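Beneath this line is the structure, given in structure tokens, with notes to follow.
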Amino acid sequence: SENGIQDADTCPLTEKLSQTEQAGCTGSDELKVTFVNRVTDTTYNPLFVYNRGTQGDSTYFCFEPKSKAFLVEAKARCVDAAGSGLPTDIAAADKGVICAGAEGAEGALTYTCLP
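Counting the sequence shown from 1 gives a position; our numbering is that position plus 1183.
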């Protein structure tokens, strides 16, 4: 470490942004411990970050909807399994992944993506 900055291999991001429990790490208390515990729990619904990479594109946080209302909304936004209702700053191949279950395909998921 140089000037108190720890290597990412030594101090996980969650330790840097919350209260640290690991010797040699300095936590910033930006995130509550209860939030960190919730999002790192193995049963938590994961969030995926999406950005196509073109200047001006939005960044989206995508997740598998658990409530009926979010699932209905996700399918309505997709329009079809190709994702024709999603914004143009999401690549066509990625729209197909996000909206795979929009038409009821067996075992396919539909994700909700929020900018």
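A virtual CB, placed ideally from N, CA and C, is assigned to each residue, including glycine. Predicted, not measured: the structure shown is a model, and the values here were computed from it.
1) Where does the unbroken alpha helix (DSSP H) through V1222 begin, and where does it stop?
2) Identify, in the order they occur along the chain, each residue of the same chain with its Cβ nearer than 6 angstroms to the Cβ of G1284, setting aside the five sequence neighbours on each side.
3) To the nearest angstrom, report how far apart L1230 and F1244 are at their CA atoms.
4) Can you tell me whether A1252 is buried or exposed, with buried defined as 16 or more other CB within 10 angstroms of its CB?
5) Starting from T1197, trace the alpha helix (DSSP H) both ways and give me its first and last residue.
6) In the DSSP assignment, find the beta strand (DSSP E) that holds L1269 and state where it starts and stops.
7) Does the beta-carbon of E1213 have 16 or more other beta-carbons within 10 angstroms, so that it is buried, or is it exposed?
Judging by the given coordinates:
1) 1216-1223
2) Non-local C-beta neighbours of G1284 in its own chain, meaning closer than 6 angstroms and more than five positions away in sequence, comprise A1291, L1292, T1293, ordered along the chain.
3) 6 angstroms
4) exposed
5) Taken as a continuous stretch (DSSP letters only), the alpha helix (DSSP H) holding T1197 covers 1196-1200.
6) First-last for L1269: undefined, no H or E at that position.
7) exposed
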